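Asks: Dropping a structure here in structure tokens format, bear with me for questions.
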Amino acid sequence: MSDGFTMTTGQGEMQGSAQGSAPDTALTEEEKKMAAEYARQIDLYDSGAVLQYGAGVQKKMADFSEKALENVRTKDLGEIGDLLSGVVTELRDFDEEETKGFFGFFKKSANKVTALKAKYEKAEANISKICETLEGYQRQLLKDAAILDKMYDQNLEYFKELSLYIAAGKKKLEDTRNVQLPDLVQKANSTGLPEDIQAAKDLEAMCERFEKKVHDLELTRMIAIQTAPQIRLVQNNDTQMVEKIQSTIVNTVPLWKSQMVLALGVEHSAQAAQAQREVTDMTNELLKKNAERLKMATIESARESERGIVDMETLKTTNEALISTLDEVMKIQQEGREKRRAAEEEIGRLEGDLKAKLLEIRK
């Protein structure tokens, strides 16, 4: 302390500060002895010392509060939340192709594996960038948590120091009002001298001013009490955010990637099964067609093998044609003979007519 006296704090604790409960204001025996010793050194007649009583620790508390506020002010946890939401958005955008999740892609056309890989690579690149930024925030939050631990210990130290100042001040007020002030009042009453009366009034006024100073220290100590749970709340927020970042990096993203590997594997298996099914269907179709062709060829071969060199229908047709031809030939020959006989008769008649005519000329 820098108030003209030397006083060091003991090893006390601010109980339940992380939950916001009131601290244990009871001092240890050693601290009570220190407060009593310090109370004996306080001079209420020294207005400067009274004015500066506890001012040092109050100044440290003010600087400390500003530092704590600056730590909170410069921390943008909202951006971390936006980044975490960004991971979810990337995964949701990746999966929105189908309403039924990763495996909904399997209802698409033959190029769906290529499209799936392209979307995976795009999503993975975006998520990797986000994760790099999150890891940077994670490291900063871990540093902040360590700083907050030191700030908590420092706040506890200020609390104990203020408690000793307050205990010493109250001890001084108690001793002054119970011993020194009654003596001056008694003396003033007995002597009736103005200076004695004024001395009693001055001491009472000094006690009033010092009591206000002690009360100010109590207000400052209350700030220290309130600061403790505030530090823990901020620290808890940092820790929760670190855990969320850690969970996203080591759980969410790897799980998504493993599901993608499974999805691609299943799709490859589905395509292989489809190809095998098509081969099997084609094989069955070929077997059916070949069996049908073999049946037709066998029947035709058996039918042809059972046929004679010339079909009976052909022989019947050719025989009928031959008979018809012979009939026609015989008919033609008969007609020819008849025509020749008629011609011979006509020739004979002509010849007779000619001979008769010639005989007429000779006469």
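In UniProt numbering, the protein residues as written are 1 to 363. Beta carbons are placed, not taken as given, at the ideal position from N, Cα and C, and that holds for glycine. Please read all numbers here as calculations on a predicted model, not as lab measurements.
Could you tell me the distance, in whole angstroms, from the CA atom of D327 to the CA atom of T317?
Replies: Going by the C-alpha atoms only, they are around 15 Å apart.
Asks: Helix, strand or coil for T28 per DSSP?
Replies: T28 falls in the coil class under three-state DSSP.
Asks: If you measure between the beta carbons of L203 and Q186, is that distance less than 8 Å?
Replies: In this structure, Q186 does not lie closer than 8 Å to L203 by Cβ.
Asks: Per DSSP, what kind of secondary structure is Q52 in: helix, strand or coil?
Replies: Coil.
Asks: Following the continuous alpha helix (DSSP H) through Q180, name the residue where it begins and the one where it ends.
Replies: No alpha helix (DSSP H) holds Q180; DSSP gives it neither H nor E.
Asks: Quick test of your reading: I197 and A188, contact by CB under 8 Å. State the CB separation rounded to the nearest angstrom.
Replies: Indeed, because the Cβ distance is near 4 Å, the residues count as touching under 8 Å.
Asks: Could you say which of L162, Y120 and S269 lies nearest to M61 if we only look at CA atoms?
Replies: Among L162, Y120 and S269, the Cα nearest to that of M61 is on L162.
Asks: Helix, strand or coil for L173? Go by DSSP, reduced to three states.
Replies: Three-state DSSP puts L173 in a helix.
Asks: Touch check for the segment 153-168 and the segment 211-224: three-plus C-beta pairs under 8 Å?
Replies: In short, these stretches touch, since the Cβ pair count reaches three.
Asks: Taking the alpha carbon of M34 as the reference point, which residue from K160, Q226, D183 and Q246 has its own alpha carbon closest?
Replies: Here the closest residue by C-alpha is K160.
Asks: Locate the alpha helix (DSSP H) running through L203, then write down its first and last residues.
Replies: P194 to S247 is the span of the alpha helix (DSSP H), which, as asked, contains L203.
Asks: Look at F210 and V57 and say whether their C-beta atoms are less than 8 Å apart.
Replies: It is not a contact, given that the beta carbons lie outside the stated cut-off.
Asks: My assumption, with CB atoms under 8 Å, is that V266 sits in contact with I127. Please give the rounded CB distance.
Replies: Actually they are not in contact, since the Cβ atoms of V266 and I127 sit about 22 Å apart, beyond 8 Å.
Asks: Going by beta-carbon coordinates alone, are A224 and N178 separated by less than 8 Å?
Replies: For A224 and N178, no; Cβs fall outside 8 Å.
Asks: Alpha carbon to alpha carbon, how far is K150 from L255?
Replies: When rounded, the distance between both Cα atoms is 37 Å.
Asks: Assign Y53 to one of two classes, buried (16 or more other C-beta atoms within 10 Å of its C-beta) or exposed (fewer than that).
Replies: When all chains shown are included, Y53 counts as buried.
Asks: Got a sec? Which residues, its chain only, sit under 8 Å from E346 by beta carbon, not counting five neighbours each side?
Replies: Nothing meets the Cβ criterion.
Asks: Counting beta carbon pairs with one atom in the segment 123-138 and one in the segment 226-235, are three or more of them shorter than 8 Å?
Replies: The segment 226-235, when compared against the segment 123-138, does not touch it at the 8 Å Cβ threshold.
Asks: Would DSSP call D46 helix, strand or coil?
Replies: In this structure, D46 counts as coil in the three-state DSSP scheme.
Asks: Quick check: A55 and K171, are their CB atoms within less than 8 Å of each other?
Replies: It is not a contact, given that the beta carbons lie outside the stated cut-off.
Asks: Taking the Cβ atom as the reference point for each residue, do Q235 and A145 lie within a distance shorter than 8 Å?
Replies: Closer than 8 Å, so yes.
Asks: Taking all protein chains shown into account, do 16 or more other C-beta atoms lie within 10 angstroms of the C-beta of L350, making it buried, or fewer, making it exposed?
Replies: Exposed.
Asks: Compare the beta carbon distance of D238 and L141 with 8 Å and say whether it is the shorter of the two.
Replies: Yes; because the gap between Cβ atoms is below 8 Å, this pair is in contact.
Asks: Using the C-alpha atoms, what's the distance from E313 back to M330?
Replies: Approximately 25 Å between the Cα atoms of the pair.
Asks: Here's the rule I'm using: 16 or more other beta-carbon atoms within 10 Å means buried, otherwise exposed. How should Q31 be labelled?
Replies: Reading the sequence as shown, one finds Glu at residue 31 and not Gln. Label assigned to E31: buried.
Asks: Buried or exposed for V279, going by 16 or more other Cβ atoms inside 10 Å?
Replies: Exposed, since its Cβ has fewer than 16 Cβ neighbours within 10 Å.
Asks: Smallest Cα separation from E121: which of M260, K288 and G348?
Replies: Measuring from the Cα of E121, the nearest candidate turns out to be M260.
Asks: Can you have a look at residue 367 and say buried or exposed, based on whether 16 or more other CB atoms are within 10 angstroms of its CB?
Replies: The first residue shown for the chain is 1 and the last is 363, placing residue 367 beyond what the model contains.
Asks: I'd like the list of long-range same chain contacts for S269, defined as Cβ closer than 6 Å, with 5 residues on each side in sequence excluded.
Replies: If we look at S269 and ignore the five residues flanking it on each side, it has no Cβ neighbours.
Asks: If I measure Cβ to Cβ from D43 and keep anything under 7 Å in the same chain, skipping five residues before and after, which residues do I get?
Replies: Hits under 7 Å: A49.
Asks: When we look at the beta-carbon of residue 406 and count the other beta-carbons within 10 Å, is it buried (16 or more) or exposed?
Replies: Residue 406 is absent from the model: the chain starts at 1 and stops at 363.
Asks: Roughly how many angstroms lie between the CA atoms of T191 and T176, to the nearest whole one?
Replies: The alpha-carbon atoms of T191 and T176 are separated by roughly 21 Å.
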